Amino acid sequence: MDDDDTLLADLRRIAGIVDPVPADLLFSLSITGFDIEVCRLVPQPPAGVLAGVRGDEETTRATFESASLTIMVEWTAGTNGTVRLDGWLAPPAACRIELRTADGPQTMDTDEGGRFAAARISRGEVQIRVHPTTDQVADGVRTVVTPSFVV
């Protein structure tokens with residue numbers, strides 16, 4: 000190893016000690032192009048704050064924000080290891096939604112209120128991609144992507 004390689008190895012080791020990757024990190028993200036806008040997960044209220052709101056159903060919610068779009072999703076346990084995922088875009092927009100799941104991608108269109116739903120997806124990691132229409136692309140609207148999250 001030359002001096003530069005040794006220095007980089009030492010810095011990598013120190014960074015791993017001082018600021019290690021959290022063990023409970025639930026998502027990973029890789030960006031293959033700069034024509035997308037990446038959302039961030041919005042912190043949720045502590046567990047129990049919304050307890051009992053929907054009866055006995057186990058519903059989990061998450062909100063993602065980017066500079067141009069907010070994506071709200073909730074998922075409810077289904078049968079055979081599946082969940083129902085419902086989502087809303089704010090501001091509402093007509094878009095193509097792509098859910099990337101362990102079973103492969105599912106696509107759907109939002110309705111006029113920016114709503115979308117997938118009746119059955121397998122439990123595991125999911126990533127949402129919101130693809131603009133051709134007219135929106137012409138206006139400079141980019142694809143918006145959430146980090147992967149676990150349902």
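When the count follows numbering that gives the first Met the number 0, it moves up by one through the sequence shown with no breaks and lands on 150 for the last residue.
Positions of the beta carbon are idealized from the N, C-alpha and C atoms, including for glycine.
These numbers were taken from a predicted model, which means no experiment stands behind them.
If you draw a straight line from the alpha carbon of L88 to that of A14, how long is it in whole angstroms?
-> Numbered from 1 along the sequence shown, position 89 holds the residue referred to as residue 88. Numbered from 1 along the sequence shown, position 15 holds the residue referred to as residue 14. Roughly 38 Å between the two C-alpha positions.
How long is the line joining the alpha carbons of S65 and L40, rounded to whole angstroms?
-> Here residue 65 refers to the residue found at position 66 of the sequence shown. Here residue 40 refers to the residue found at position 41 of the sequence shown. Cα to Cα, S65 sits roughly 9 Å from L40.
Can you name, in chain order, every residue of its own chain whose Cβ lies under 8 Å from the Cβ of D34, other than the five neighbours on each side?
-> As a working mapping, residue 34 is identified with position 35 in the sequence shown. Around D34: R141 and T142.
From the DSSP output, in three-state form, read off V52 for me.
-> Within the sequence shown, residue 52 is the residue found at index 53, counting from 1. Below a pLDDT of 50, predicted positions are generally treated as unreliable, and V52, at 49, falls in that range; no measurement from the model is reported.
Taking all protein chains shown into account, decide if A118 is buried (16 or more other Cβ within 10 angstroms of its Cβ) or exposed.
-> For the purposes of this step, residue 118 is taken as the residue at position 119 of the sequence shown. The residue in question, A118, is exposed, as its Cβ has fewer than 16 Cβ neighbours within 10 Å.
What residue range is occupied by the uninterrupted beta strand (DSSP E) comprising A76?
-> As a position in the sequence shown, residue 76 is number 77, starting the count at 1. Counting along the chain, the beta strand (DSSP E) containing A76 begins and ends at T69 to A76.
Beta-bridge partners of Q108, as assigned by DSSP = If you number the sequence shown from 1, residue 108 lands on position 109. Sequence inspection shows Asp at residue 108; the Gln mentioned does not correspond to that position. DSSP lists R95 as partners of D108.
Could you spell out the range, first to last residue, of the alpha helix (DSSP H) harbouring A14?
-> Locating residue 14 in the sequence shown gives position 15, counting from the first residue. From DSSP, the alpha helix (DSSP H) with A14 extends over D2 to V17.
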